[in-house]
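First up is the structure itself, then whatever we jot down about it.
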Amino acid sequence: MKIWQIKDRPKSLILTDEQLIIAIKNGLLNGDDVLINVDLKDDIAIKDSIYSFYLKDPHEQD
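Using my numbering, read the sequence shown as starting at 1106 and increasing by one per residue.
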C-alpha cells in the first residue's frame, strides 16, 4: 500500500491510495497539488500522475 503526502500541506495529512482518490473526486485536491511518496524519485503534480484520471473535467456538467 502506498502512502501519500501532499506538498505544502500539514505533515499529518497522510493518505492511502483509496483516500487520495476520494479526496480528488470530492474536489479537496486539484491537479496542481503535488504528491510526495518515499517510493518516488521526484515529487509529481496530480495532473501529471496516473491520478489525473480522477480529476473532474472542467467542461463536464454536474
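Don't be surprised by glycine CBs; every beta carbon is placed ideally from N, CA and C.
Coil, strand or helix - residue i by DSSP
i            : result
leucine 1120 : strand
leucine 1160 : coil
leucine 1125 : helix
Beta-carbon proximity check, residue i vs residue j, cutoff 8 Å
i              : j               : result
aspartate 1138 : isoleucine 1111 : yes
leucine 1125   : tyrosine 1156   : yes
8 Å Cβ shell around residue i - same chain, five flanking residues per side excluded
i            : result
leucine 1160 : Ile1129, Asn1135, Gly1136, Ile1151 and Lys1152
leucine 1175 : A query on residue 1175 cannot be resolved here, the shown segment of the chain reaching from 1106 to 1167 and no further.
CB-CB length for residue i against residue j, believed under 8 Å
i           : j               : result
lysine 1116 : asparagine 1142 : Contact flag wrong, Cβ pair sits at about 14 Å.
Spatially closest choice to residue i from the options, by CA coordinates
i              : options                      : result
arginine 1114  : Ser1157, Ile1155 and Leu1140 : Leu1140
aspartate 1162 : Asn1131, Asp1122 and Trp1109 : Asn1131
Sequence-distant residues of its chain with Cβ nearer than 7 Å to residue i (five each side left out)
i              : result
leucine 1133   : none
aspartate 1148 : Lys1112, Val1139, Leu1140 and Ile1141
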